[in-house]
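Novice: Numbering (my numbering), first residue to last: 759 to 1066.
In structure tokens:
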């Protein structure tokens, strides 16, 4: 980005946090839906990519169904942003009652065991609200990792926002995050990681809705190294103001195999849990980027007689 673009992007987010949180909730809800519908009608790259990703999740969906899904997906995505802008102004009671996860006993039992817990989530629903619920309702602090955004001022804004919700935020870059996360887990702490997209060379290849992609190795490696409990979590919205969710059963460390083999098995188990939640609520999966390897790899040049 140019310096002007940087200032515009940072200014837009600053306006959101300063203005949207002061709006009455019905007004903020209508505003989010209006912005979502405008973006959907423009059919930009993000919307087209969202539809392409949904075509993997719902393979029998025709163009009309995919358009319906992408419109619902954009509304869900903007609900996430409207809620996130307003979260710092929510009362503690509103945060405590704003999320209703099923099978939360996996999490609360894990916290009580003092063995350390890793929560791994896809980009579904509002993971910031889920995190605020953990720090408020369960009164349990946790550590997470944030990718460094451009401009730097925007990254600082996001870090301050999440720290204000009770999270410890580590930068993804720099090489020290894994060691800090491991220390927190060995001390019986809680770590939360968004974990369905890793396009780096170190990602673990998995099958996701029948096609190959890569997901981060970190959750599985941390569980192996520290003995912490690894729990997949999926989130979604219904027609109420309360976000829904599910804490899935623990992903166990295999008894045999090399570290790489165990990591592969565990990461595939995470992918399968994510796929279960996304299949049930595809419109609440906010993946507006390329994910599958087939979308990243260059296509071969057409042979003679083939259309380009």
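The beta-carbon is built from N, C-alpha and C at its ideal position, and this holds for glycine as well.
All values derive from a computational prediction rather than experimental measurement.
1) Could you tell me if the beta carbon of residue 892 falls within a distance shorter than 7 Å of some heavy atom in the ligand HEM?
2) Count the other C-beta atoms from every protein chain shown that fall within 10 angstroms of the C-beta of residue 794, then say buried if there are 16 or more, exposed otherwise.
3) Taking C-beta to C-beta, are residue 845 and residue 923 nearer than 8 Å?
4) Let me confirm a value: residue 888 is counted as buried when at least 16 other C-beta atoms fall within 10 Å, else exposed. Which label applies?
5) At which residues does the alpha helix (DSSP H) containing residue 900 begin and terminate?
6) If we call anything under 8 Å between Cβ atoms a contact, is residue 878 one with residue 948?
7) Mark residue 861 as exposed unless 16 or more other C-beta atoms lie within 10 angstroms of its C-beta, in which case mark it buried.
8) Over what stretch of residues does the beta strand (DSSP E) that includes residue 1003 continue unbroken?
9) Relative to the C-alpha of residue 805, which residue among 818, 814, 1022, 832 is closest?
10) How many angstroms separate the CA atom of residue 1038 from the CA atom of residue 880?
11) Does the segment 861-874 come close enough to the segment 939-953 to have 3 or more Cβ pairs within less than 8 Å?
12) Is it the case that the segment 1013-1026 contacts the segment 839-854, given that we only count it when at least three CB pairs across the two stretches are under 8 Å?
13) Let me check understanding here. Comparing Cα to Cα, which of 944, 1020, 801, 974 lies closest to residue 872?
14) Please list, in chain order, all residues of the same chain as residue 1027 whose beta carbon is under 7 Å from its beta carbon, the five residues on each side excluded.
15) Our contact map puts residue 1006 next to residue 1031 with C-beta atoms below 8 Å; I'd like the distance itself, whole angstroms only.
16) Could you have a look at residue 967 and say whether DSSP puts it in helix, strand or coil?
17) For residue 1021, which residues in the same chain have their Cβ closer than 8 Å to its Cβ, ignoring the five residues on either side in sequence?
18) Residues in its own chain within less than 8 Å of residue 830 by CB, not counting five upstream and five downstream?
19) For residue 1059, which of helix, strand or coil comes out of DSSP?
20) Classify residue 785 as buried or exposed, calling it buried when 16 or more other Cβ atoms lie within 10 Å of its own Cβ.
21) Go ahead and pull the three-state DSSP assignment for residue 934.
22) Rounded to a whole number of angstroms, what is the C-alpha to C-alpha distance between residue 895 and residue 783?
23) Under 8 Å by Cβ, that's how I've got residue 836 and residue 1045 pegged, so tell me the actual separation to the nearest angstrom.
24) Tell me which residues share the same chain as residue 885 and place their Cβ nearer than 7 Å to its Cβ, disregarding the 5 neighbours each side in the sequence.
25) Excluding the 5 residues flanking residue 1050 on each side, which residues of the same chain have their C-beta closer than 6 Å to its C-beta?
26) Assign residue 814 to buried or exposed, taking buried as 16 or more other Cβ atoms, counted over all protein chains shown, within 10 Å of its Cβ.
27) By alpha-carbon positions, which one of 777, 796, 811, 802 ends up nearest to residue 1053?
Specialist: Short version:
1) Judged by which ligands are present, the structure shown has none, so any question about the ligand HEM falls away.
2) Counting C-beta atoms within 10 angstroms of its own C-beta, residue 794 has 16 or more neighbours from the protein chains shown and is therefore classed as buried.
3) Yes; because the gap between Cβ atoms is below 8 Å, this pair is in contact.
4) A residue is called buried when at least 16 other Cβ atoms come within 10 angstroms of its Cβ; residue 888 meets this threshold and is buried.
5) In the DSSP assignment, residue 900 falls outside any alpha helix (DSSP H) and lies within the beta strand (DSSP E) extending over 900-904.
6) For residue 878 and residue 948, no; Cβs fall outside 8 Å.
7) Residue 861 is exposed by the Cβ-count criterion.
8) First-last of the beta strand (DSSP E) with residue 1003: 1001-1005.
9) When each option's Cα is compared against that of residue 805, the closest is 832.
10) Each residue's alpha carbon lies about 14 Å from the other.
11) Taking 8 Å as the limit for Cβ pairs, the verdict is that the segment 939-953 does touch the segment 861-874.
12) They do not touch, by the three-pair rule.
13) Checked all of 944, 1020, 801, 974; the closest Cα to residue 872 is 944.
14) Cβ within range, chain order: 1009.
15) Contact between residue 1006 and residue 1031 holds, since their C-beta atoms are separated by about 4 Å, short of 8 Å.
16) In this structure, DSSP gives residue 967 a state outside helix and strand, which the three-state scheme calls coil.
17) The residues are 962, 975, 978, 979, 982.
18) So the list reads 1041, once near-sequence residues are dropped.
19) Interpretation of residue 1059 is limited by its pLDDT of 46, a score under 50 that renders its predicted location unreliable; the figure taken from the coordinates is listed afterwards. Reduced to three states, the DSSP call for residue 1059 is coil.
20) By the 16-neighbour rule on beta-carbons within 10 angstroms, residue 785 is exposed.
21) Residue state for residue 934 is assigned as coil, using DSSP reduced to three classes.
22) Going by the C-alpha atoms only, they are around 22 Å apart.
23) Residue 836 to residue 1045, Cβ: 15 Å. No contact.
24) Taken in chain order, the residues that qualify are 879, 952, 993.
25) Answer for residue 1050: 969, 971, listed in chain order.
26) By the 10 Å Cβ count, residue 814 comes out buried.
27) Residue 1053 has its Cα closest to that of 811, out of 777, 796, 811, 802.
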